[in-house]
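Chemist:
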Amino acid sequence: MKPVVLAGGSGSRLWPKSRAALPKQFLSLTSDSSMLQNTITRLPNAETSNPIVICNDAHRFIVAEQLRQKEIDHGGILLEPVGRNTAPAIALAALHATMSGEDPILLVLAADHLIKDDTAFHNAIEKAQTLAEQGKLVTFGIVPDSPHTGYGYIKSGDELGPGFVVSEFVEKPGLETAQQYVSSGKYFWNSGMFMFKASRYLEELKKHHPEMLDVCKRAIDTETPDLDFIRVDHDIFATCPDDSIDYAVMEKTDSAAMVTLDAGWSDVGSWSSLWENSEKDKQGNATVGDVLLENVSNSYVNAEERLVSVIGLDDVVVVETKDAVMVANRKDDQHIKTVVNKLKAEKRPEFQFHREVYRPWGSYDSIDNGKRFQVKRISVKPGEKLSVQMHHHRAEHWIVVSGTANVTIDEETQLVTENESVYIPIGSVHALENPGKIPLELIEVQSGAYLGEDDIVRFSDRYGRVEKK
Numbered sequence: 001m002k003p004v005v006l007a008g009g010s011g012s013r014l015w016p017k018s019r020a021a022l023p024k025q026f027l028s029l030t031s032d033s034s035m036l037q038n039t040i041t042r043l044p045n046a047e048t049s050n051p052i053v054i055c056n057d058a059h060r061f062i063v064a065e066q067l068r069q070k071e072i073d074h075g076g077i078l079l080e081p082v083g084r085n086t087a088p089a090i091a092l093a094a095l096h097a098t099m100s101g102e103d104p105i106l107l108v109l110a111a112d113h114l115i116k117d118d119t120a121f122h123n124a125i126e127k128a129q130t131l132a133e134q135g136k137l138v139t140f141g142i143v144p145d146s147p148h149t150g151y152g153y154i155k156s157g158d159e160l161g162p163g164f165v166v167s168e169f170v171e172k173p174g175l176e177t178a179q180q181y182v183s184s185g186k187y188f189w190n191s192g193m194f195m196f197k198a199s200r201y202l203e204e205l206k207k208h209h210p211e212m213l214d215v216c217k218r219a220i221d222t223e224t225p226d227l228d229f230i231r232v233d234h235d236i237f238a239t240c241p242d243d244s245i246d247y248a249v250m251e252k253t254d255s256a257a258m259v260t261l262d263a264g265w266s267d268v269g270s271w272s273s274l275w276e277n278s279e280k281d282k283q284g285n286a287t288v289g290d291v292l293l294e295n296v297s298n299s300y301v302n303a304e305e306r307l308v309s310v311i312g313l314d315d316v317v318v319v320e321t322k323d324a325v326m327v328a329n330r331k332d333d334q335h336i337k338t339v340v341n342k343l344k345a346e347k348r349p350e351f352q353f354h355r356e357v358y359r360p361w362g363s364y365d366s367i368d369n370g371k372r373f374q375v376k377r378i379s380v381k382p383g384e385k386l387s388v389q390m391h392h393h394r395a396e397h398w399i400v401v402s403g404t405a406n407v408t409i410d411e412e413t414q415l416v417t418e419n420e421s422v423y424i425p426i427g428s429v430h431a432l433e434n435p436g437k438i439p440l441e442l443i444e445v446q447s448g449a450y451l452g453e454d455d456i457v458r459f460s461d462r463y464g465r466v467e468k469k
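The numbering of the sequence shown is our numbering, which starts it at 1 and goes up by one.
1) Using the DSSP secondary-structure output, state which residues sit across from Asp314 in a beta bridge.
2) Return the bridge partner residues of Met390 from the DSSP annotation.
3) Span of the beta strand (DSSP E) holding Cys473?
4) Apart from the five residues on each side of it in sequence, which residues of its chain come closer than 6 Å, Cβ to Cβ, to Leu343?
5) Closest by CA to Val325, which one among Lys331, Asp314, Val310, Asp315?
6) I need the straight-line Cα distance from Val4 to Glu305, nearest angstrom please.
7) Which whole-angstrom value describes the C-beta separation of Lys410 and Ser428, a residue pair presumed to lie in contact below a C-beta threshold of 8 Å?
8) Go ahead and pull the three-state DSSP assignment for Glu450.
9) Does the beta carbon of Ala7 come closer than 8 Å to any beta carbon on chain B?
10) Applying the 10 Å Cβ sphere with the 16-neighbour rule, what's the burial state of Gln180?
11) Look at Val422 and Val407 and say whether their C-beta atoms are less than 8 Å apart.
12) Let me know if Val317 comes out buried or exposed under the rule of 16 or more other beta-carbons within 10 Å of its beta-carbon.
13) Need the endpoints of the alpha helix (DSSP H) that Thr149 sits in, please.
14) Starting from Asp226, trace the beta strand (DSSP E) in both directions and tell me its first and last residue.
15) Spatial neighbours of Ile230 within its chain, please: CB distance less than 6 Å, with the 5 preceding and 5 following residues excluded, ordered by chain position.
16) With H, G and I counted as helix, E and B as strand and the rest as coil, what does DSSP make of Met212?
17) Take His397 as the anchor and find which of Tyr450, Ser191, Glu80, Gln446 has the nearest alpha-carbon.
18) Pick helix, strand or coil for Met35, following the three-state DSSP scheme.
19) Would you kindly work out how many angstroms separate the C-alpha atoms of Met99 and Ile245, rounded to a whole number?
20) How would you call Lys172, buried or exposed, if buried means at least 16 neighbouring beta carbons within 10 angstroms?
21) In the DSSP assignment, the alpha helix (DSSP H) including Ala64 goes from what residue to what residue?
22) Please report the straight-line C-alpha distance between His208 and Leu43, rounded to a whole angstrom.
23) Scan the segment 329 to 366 and note each continuous beta strand (DSSP E) run of 3 residues or more that stays entirely inside, going in chain order.
24) Comparing alpha-carbon positions, which option in Ala128, Asn434, Asp226, Ser299 lies nearest Ala286?
Structural data, given as C-alpha cells:
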C-alpha cells in the first residue's frame with residue numbers, strides 16, 4: 001500500500017498562524033509535530049511503503065525539511081506546477097506510482113487532518129484494503145458526533161463486506177437537514193480520504209473525465225528529477241481541468257464503497273474546530289503559550305511570542321504571532337477568510353509571509369525596519385549555502401553572533417567568526433556559507449533605497465532557484 005499525501009491548500013481560515021507561504025499543514029497546531037509529519041507518522045508502518053507527497057513548488061523545501069526532521073523516507077515529492085484540485089493531483093500520483101510496472105493500492109490522505117485514535121484508523125485502513133483489492137474505490141465516512149453543517153455527507157447503501165456501497169454524496173446541508181442525517185444513522189461526514197488501486201482510479205478517470213487523464217499523462221511523461229523533487233511539465237499541466245476527486249470520479253463511478261471511521265477525526269478547518277479538539281480548563285478555555293486569563297470562558301487563546309492577557313470575555317478566539325494579532329468571536333471565525341482576502345487585495349506581506357521566513361538553507365526573521373533600513377536575524381544550517389547573488393539597490397552589513405561564516409565578496413573569500421562583521425557594497429556579487437557543524441547565526445543590516453526581496457539577482461544556486469533564460 002502506498003500512501004499519497006496531498007499537502008497543497010492555503011488554510012486561510014487559520015490566519016494569522018497559517019499564511020500562503022506557510023499554510024496549516026506545515027504548522028504544529030495539535031502537537032509538537034506539524035500536521036504533515038503527524039499524517040505520515042501515524043500510518044501503520046508494516047502495511048505501507050514510502051509515501052508520495054504532493055505539494056506546490058513554493059512549499060517544496062518546507063516539505064523536504066519536515067520529512068528530514070522525522071527521518072521519513074519518501075517515494076517522491078511531486079510538485080504541482082499550478083493548483084488544479086484533487087482529481088488531477090491524485091492522477092499524477094497514480095501515474096507516477098505505476099511507471100515501474102507495479103499497481104499499488106493508494107491510500108490518499110490530506111496532510112492537514114487530525115486523527116486522535118490511531119488504532120481505529122488502522123482498523124479502518126485494513127477494512128478499506130479488503131474492498132480496494134476487489135477493485136472498489138473506497139472512501140472513509142466519519143461517524144458524526146453532531147449535525148455539522150461544514151462538512152459534506154456520504155449516505156451508506158447496502159452492506160459490502162466490511163463496508164457499504166455508497167448510495168449518495170450530498171453537499172454541506174443546513175442545520176435541520178444535518179440533524180435528520182445524523183439521526184438516521186445512514187449518513188457520514190465526507191472525510192476526503194480514499195483508497196483504491198492506482199489502475200482502478202485511472203480507469204474510472206478515463207471513463208468519466210478522459211480529458212483530465214490525457215493532460216496528466218502528457219504532463220508526467222516529461223517528469224524530471226530535481227534534488228528531492230519530481231517536476232512535471234508546467235505548460236501542459238496548466239491546461240488541465242480543475243476538479244475534485246468527488247466530482248470527477250467518486251460521484252460518477254458505480255464502484256464507490258465506504259468504510260466507517262470513528263477515530264476522533266477533524267479537518268481542523270477553523271479556530272473553533274481547533275478549540276473543539278483541544279484540552280480545556282474548567283471554564284472551557286484552551287490556551288497555547290504565555291496566556292493569562294481573568295473571567296474568561298469558552299475561548300481559544302494562542303500566544304506565540306508575547307504574554308497575552310484576556311479579561312472578561314466569552315466565546316472568543318485570540319491568536320498572536322510576531323507580526324499580527326487576531327481577535328474574533330469564536331462563532332464568527334469563518335469571516336477570517338474575508339480579512340485574508342483584504343490583506344491579499346492590499347498586497348500586505350501578512351497575507352503571504354510570517355515575519356520569520358523559511359528557506360532551504362535555514363531561515364530569516366525581519367526584526368526591525370524603517371525608511372531605508374531593515375534588520376534581519378539569519379540562521380544558516382550547517383553545510384548550507386545561500387545563492388551567489390547581487391543587489392542593485394541595497395548594501396548589507398553582516399555581524400556573526402555564533403558559528404563561522406564563509407563569505408565571498410566579488411572574487412575574495414574570507415572566514416568571519418563570532419563578534420566579527422563584514423560589509424557588502426551595492427552591486428557586489430556575494431555569497432554566504434556555513435562551513436561548520438553548528439548553526440550560523442548572524443545579524444544582517446540592510447540599507448538602501450529599495451529593500452524588497454525581489455532585488456536579488458542570482459548567479460548560481462544549489463537549490464535550483466536560478467531562473468533559466
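Ideal Cβ placement from N, Cα and C applies to all residues, glycine included.
Modeler: To lay it out plainly:
1) Here residue 314 refers to the residue found at position 314 when the sequence shown is read from its first residue. Paired residue(s): Ser297.
2) As a first step, residue 390 is located in the sequence shown; it is residue number 390 there, counting from the start. Beta bridge pairing from DSSP links Met390 with Val457.
3) The structure shown does not extend to residue 473, since the chain is modelled only from 1 to 469, so the question has no answer here.
4) In the sequence shown, the residue the question calls residue 343 occupies position 343. Cβ neighbours of Leu343 beyond the five flanking positions: Glu350, Phe351.
5) For the purposes of this step, residue 325 is identified with residue 325 of the sequence shown, where counting begins at 1. Closest in C-alpha terms to Val325, from the list Lys331, Asp314, Val310, Asp315, comes Val310.
6) Within the sequence shown, residue 4 is the residue found at index 4, counting from 1. Within the sequence shown, residue 305 is the residue found at index 305, counting from 1. When rounded, the distance between both Cα atoms is 35 Å.
7) For the purposes of this step, residue 410 is identified with residue 410 of the sequence shown, where counting begins at 1. For the purposes of this step, residue 428 is identified with residue 428 of the sequence shown, where counting begins at 1. Strictly speaking, residue 410 in this sequence is Asp, with Lys absent from that position. Yes, Asp410 and Ser428 are in contact; Cβ-Cβ is about 5 Å, under 8 Å.
8) Here residue 450 refers to the residue found at position 450 when the sequence shown is read from its first residue. For the sequence presented, residue 450 should be read as Tyr rather than Glu. Annotated three-state conformation of Tyr450 is coil, per DSSP.
9) Judged by its chain identifiers, the structure shown contains no chain B, having just a single protein chain.
10) Taking the sequence shown and counting its residues from 1, one reaches residue 180 at position 180. By the neighbour-count rule (16 or more Cβ atoms within 10 Å), Gln180 is not buried but exposed.
11) Reading the sequence shown from its first residue, position 422 is the one you call residue 422. Reading the sequence shown from its first residue, position 407 is the one you call residue 407. A contact, by the Cβ cut-off of 8 Å.
12) Position 317 of the sequence shown, counted from the start, is the residue given in the question as residue 317. When all chains shown are included, Val317 counts as buried.
13) Translated into positions along the sequence shown, residue 149 becomes position 149. No alpha helix (DSSP H) holds Thr149; DSSP gives it neither H nor E.
14) The residue labelled residue 226 in the question sits at position 226 within the sequence shown. In this chain, the beta strand (DSSP E) harbouring Asp226 covers 224 to 226.
15) Position 230 of the sequence shown, counted from the first residue, corresponds to residue 230. The residues are Gly76, Leu78, Glu223.
16) Within the sequence shown, the letter at position 212 stands for residue 212. Helix at Met212.
17) For this step, residue 397 is matched to residue 397 along the sequence shown. When the alpha-carbon of His397 is set against those of Tyr450, Ser191, Glu80, Gln446, the nearest one is in Gln446.
18) On the sequence shown, position 35 is the one that residue 35 refers to. In this structure, Met35 counts as helix in the three-state DSSP scheme.
19) For the purposes of this step, residue 99 is taken as the residue at position 99 of the sequence shown. For the purposes of this step, residue 245 is taken as the residue at position 245 of the sequence shown. Each residue's Cα considered, the two are about 21 Å apart.
20) As a first step, residue 172 is located in the sequence shown; it is residue number 172 there, counting from the start. Lys172 comes out exposed.
21) Residue numbering aside, residue 64 sits at position 64 when the sequence shown is read from its first letter. Looking at the DSSP string, the run of the alpha helix (DSSP H) that includes Ala64 is 60 to 69.
22) Against the sequence shown, residue 208 aligns to sequence position 208. Against the sequence shown, residue 43 aligns to sequence position 43. Taking C-alpha positions only, His208 is separated from Leu43 by approximately 31 Å.
23) The segment 329 to 366 contains these whole beta strand (DSSP E) runs: 356 to 359.
24) In the sequence shown, counting from the first residue as 1, residue 286 sits at position 286. Nearest C-alpha to Ala286 among Ala128, Asn434, Asp226, Ser299: Ser299.
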